[in-house]
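Structure, as structure tokens:
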Amino acid sequence: MSANGNDPLDDLLGAKRPPRNIDNALDDMTKAAATTRSAGDALDELIAGSGARPRSDVSTSESDRVETRSRWSLALALALAGVGLSGVLTESVAASQLLGNSGPMALALVWPLGGVGLLIIAFIQSRYVDRFARLGVVRWLFIAYAAAFVVMLILFAVNIPQKVPAAIAWLLADQMNFLLPLVVWTVAGDVFTTGQGVTVFPRISRWLFGGQVVGLGIAVLAPVIFDQGDISLTWLLVLPPVICAVTAWILPKALATATTGLGHQREQSATAAFRETIKLIRELPAYRWMFWVGLLAIFGGTMVDFGFLHMAQERFPDTGTLQAFYAGTSLVCFVLCWLLQTFGAAKLINRFGVARILQLLPIGALLGTAVLVVGGTTRTVIVGSIALVLWRLPRWSIDGSARQAAMANLPDERRLRSSFVIDMGPLAISLIVASGPIAIAAATDNLWIAPLIGLVIVVPALFLSTRTVRTWDDTQLSYRLKRRKRLG
Numbered sequence: 001m002s003a004n005g006n007d008p009l010d011d012l013l014g015a016k017r018p019p020r021n022i023d024n025a026l027d028d029m030t031k032a033a034a035t036t037r038s039a040g041d042a043l044d045e046l047i048a049g050s051g052a053r054p055r056s057d058v059s060t061s062e063s064d065r066v067e068t069r070s071r072w073s074l075a076l077a078l079a080l081a082g083v084g085l086s087g088v089l090t091e092s093v094a095a096s097q098l099l100g101n102s103g104p105m106a107l108a109l110v111w112p113l114g115g116v117g118l119l120i121i122a123f124i125q126s127r128y129v130d131r132f133a134r135l136g137v138v139r140w141l142f143i144a145y146a147a148a149f150v151v152m153l154i155l156f157a158v159n160i161p162q163k164v165p166a167a168i169a170w171l172l173a174d175q176m177n178f179l180l181p182l183v184v185w186t187v188a189g190d191v192f193t194t195g196q197g198v199t200v201f202p203r204i205s206r207w208l209f210g211g212q213v214v215g216l217g218i219a220v221l222a223p224v225i226f227d228q229g230d231i232s233l234t235w236l237l238v239l240p241p242v243i244c245a246v247t248a249w250i251l252p253k254a255l256a257t258a259t260t261g262l263g264h265q266r267e268q269s270a271t272a273a274f275r276e277t278i279k280l281i282r283e284l285p286a287y288r289w290m291f292w293v294g295l296l297a298i299f300g301g302t303m304v305d306f307g308f309l310h311m312a313q314e315r316f317p318d319t320g321t322l323q324a325f326y327a328g329t330s331l332v333c334f335v336l337c338w339l340l341q342t343f344g345a346a347k348l349i350n351r352f353g354v355a356r357i358l359q360l361l362p363i364g365a366l367l368g369t370a371v372l373v374v375g376g377t378t379r380t381v382i383v384g385s386i387a388l389v390l391w392r393l394p395r396w397s398i399d400g401s402a403r404q405a406a407m408a409n410l411p412d413e414r415r416l417r418s419s420f421v422i423d424m425g426p427l428a429i430s431l432i433v434a435s436g437p438i439a440i441a442a443a444t445d446n447l448w449i450a451p452l453i454g455l456v457i458v459v460p461a462l463f464l465s466t467r468t469v470r471t472w473d474d475t476q477l478s479y480r481l482k483r484r485k486r487l488g
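Heads up: the sequence shown at position 99 corresponds to 99 in UniProt numbering, and the numbers run straight through without jumps.
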């Protein structure tokens, strides 16, 4: 006992706290629970303000989440299948109608116009695509293209030269083949993380190829069926506007519960948006080299496309036969692309990495141009078909999946604009510059000149692609690529 009569242990512990009854304990627990709920509500408000869904809206069941992700991927896959069908069908009809009525020199005018059109539309859209909610932009884009197809069909119906609406159809085919898929892929980048995209994107791509195969199958069979009833092949172009209208209605509804870009909501001119995008790409070395490699490789590939079309038109002057041959060759190419995507794309990307897979594009362009030089010299259309397959196989399969996986790392509010520059910019520039080699080849009737020019341009792309590989890892550590993304 201490001097004051207390227990030494009591002196050490200090004054005793008054005894607590069960009611006080329950009150404390209730207050703690209320505080936790308040903090949780505040967190939900913060999450909702960032564009993600509150915790209360997210299922805790893993099977439910897997089912939801499967539903999202199916909606995106169906949209891409519809776009793919519309694009190749429109291109097949436009190619046969334009080349059959005007010859290969028409490409010297139509392709540059197509390139300028891609740049202008992308430049205008860059002001709005990342400013407003992504799904709303997608809906109005598909509606706009449906309306454009209707106008083109009216021009086919009235009494004007067929080459005019045929040229417009080719311009729309460029939009369907190159711009609209970028829009859908950007939405997919919103919905899925980069890690999920390595597995999901090749699976979605297979649906794109499925739609393209169906579209090319229709283009191959239509001349035989339509000739029996004396029906114009241009009636095939009724399908694309219907598909665009259905996609505009279904896709936003199917992805209503997914996390997609809400837009930065800032008033920004197209010029300012473009400069901001260029600045971002300059600060990301790997993406900067992706642009230059793509520019050189796609120019070479454009020469392959022209050389093949030139030989095909020379061998098959009839529009129906030309359409069947062009669509048939493309069909073989897309079947091979589908097989590669199904059985090899994801495994190859996982094994070698995105940067090394991107090196396949200039390799395909080099092989295609080299083979077409031989085909142009001998005027052998089968060799031209082989060259087209060699170029398009990596372009439309594994390179596309690798590019989308790379683009998924970019910030949500800048991804689509960056895709316009990195993916569509090289194509548009190539189509514009292609008029020179096309004019020389057509004027001199030497089918090997255009692919030879393409071959010379492609060679530097092989060396530049190694810089993409060397700078890839450091680029992925850039703070510009960090973005908040809910895993779901």
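By construction, the Cβ of each residue, glycine as well, lies at the ideal position given by its N, Cα and C atoms.
Measuring straight from C-alpha to C-alpha, what distance separates residue i and residue j?
i	j	result
Gln476	Gly294	19 angstroms
Tyr145	Pro460	37 angstroms
Arg470	Phe352	14 angstroms
Ser437	Val66	Before going further, note that residue 437 is Pro rather than Ser in the sequence given. Computed Cα separation, rounded: 51 angstroms.
Ile432	Ala258	38 angstroms
Trp140	Gln125	11 angstroms
Phe156	Pro165	6 angstroms
Thr342	Ile398	10 angstroms
Phe209	Arg417	25 angstroms
Lys347	Glu91	32 angstroms
Asp445	Ile154	36 angstroms
Gly488	Ala345	Its pLDDT being 34, under 50, Gly488 is placed unreliably by the model, and the measurement read from it follows with that caveat. Taking the straight line from one Cα to the other gives about 24 angstroms.
Leu447	Gly376	4 angstroms
Tyr479	Leu80	32 angstroms
Arg315	Phe463	37 angstroms
Ala297	Ile363	8 angstroms
Arg415	Arg282	14 angstroms
Leu280	Leu113	28 angstroms
Ala312	Lys253	43 angstroms
Pro54	Ala77	Per-residue confidence for Pro54 stands at a pLDDT of 48, beneath the threshold of 50, marking its modelled position as unreliable; the derived number appears in the next sentence. In a straight line, the C-alpha of Pro54 is about 27 angstroms away from that of Ala77.
Ala442	Ala94	19 angstroms
Pro317	Leu309	11 angstroms
Leu361	Trp292	12 angstroms
Val58	Val354	Only weak support exists for where Val58 lies, its pLDDT of 46 falling under 50; the value from the coordinates is given anyway. If you take the alpha carbons of Val58 and Val354, they lie about 31 angstroms apart.
Gly40	Ala148	Note that Gly40 has pLDDT 49, beneath the 50 cutoff, so the model's placement of it is unreliable and the number below is only indicative. Distance between the alpha carbons of Gly40 and Ala148: 49 angstroms.
Ile453	Ala365	12 angstroms
Ala428	Ser63	44 angstroms
Thr321	Leu390	23 angstroms
Asp423	Met290	9 angstroms
Arg395	Ile168	25 angstroms
Asp474	Arg288	13 angstroms
Ser205	Ala106	32 angstroms
Would the beta-carbon of residue i be found less than 6 angstroms away from any heavy atom of the ligand HEM?
i	result
Gly301	As presented, the structure is devoid of all ligands, the ligand HEM included, so that no description of it is given.
Hey, out of the options, whose CA is closest to residue i's CA?
i	options	result
Val430	Ala108, Asp64, Val83, Leu78	Position check: residue 430 holds Ser in this sequence, whereas Val was assumed. Of the listed residues, the one whose Cα sits closest to Ser430 is Ala108.
Gly87	Val198, Thr329, Gly211, Thr302	Gly211
Arg403	Arg356, Ile363, Thr378	Arg356
Pro411	Leu481, Ile453, Asp423	Leu481
Pro104	Arg275, Val158, Leu180, Lys163	Lys163
Arg203	Leu74, Ala442, Val93	Leu74
Gly368	Ile121, Ser385, Ala434, Gln323	Ser385
Val137	Val381, Leu180, Ser63	Leu180
Met176	Phe192, Gly195, Phe142	Phe142
Pro223	Gly328, Val374, Ser70	Gly328
Val214	Leu89, Thr68, Glu413	Leu89
Pro285	Thr68, Ser102, Arg69, Thr466	Thr466
Trp472	Ser419, Asn409, Leu171	Asn409
Ala370	Pro451, Ile349, Glu276, Ser96	Pro451
Thinking residue i and residue j are a contact (beta carbons under 8 angstroms), I'd like their distance in whole angstroms, please.
i	j	result
Thr319	Gly100	3 angstroms
Leu135	Gly217	So it is not a contact: roughly 31 angstroms between Cβ atoms.
Leu255	Trp72	6 angstroms
Val110	Leu98	7 angstroms
Val220	Ala324	5 angstroms
Cys333	Leu372	Wrong, their Cβ atoms sit about 14 angstroms apart, outside the cutoff.
Val421	Ile278	7 angstroms
Ala468	Leu358	The amino acid occupying residue 468 in the given sequence is Thr; Ala does not appear at that position. That pair is a contact at about 6 angstroms.
Task: Meets three-Cβ-pair contact criterion under 8 angstroms: the segment 289 to 304 and the segment 449 to 458 - done: yes
| message | Pairs of beta-carbons, one from the segment 404 to 421 and one from the segment 180 to 187, closer than 8 angstroms: are there three or more? | response | yes
* Stretch pair the segment 78 to 93 + the segment 243 to 262: three plus CB contacts closer than 8 angstroms -> yes
So, does the segment 269 to 278 touch the segment 332 to 342, judging by three or more C-beta pairs under 8 angstroms? no
Open item on the list: To test your reading of the DSSP string, which unbroken alpha helix (DSSP H) runs of 4 or more residues are found completely within the segment 374 to 444?
Closed with: 381 to 395, 398 to 407, 412 to 419, 425 to 433, 435 to 444
- prompt: When the Cβ atoms of the segment 245 to 254 are set against those of the segment 225 to 235, are three or more pairs found closer than 8 angstroms?
  reply: no
Which parts of the segment 69 to 130 are runs of the alpha helix (DSSP H), unbroken and 4 residues or longer, counting only runs that do not cross its ends? 107 to 125
Which ranges does the alpha helix (DSSP H) cover as unbroken runs of at least 4 residues, wholly within the segment 182 to 251, from first to last along the chain?
194 to 228
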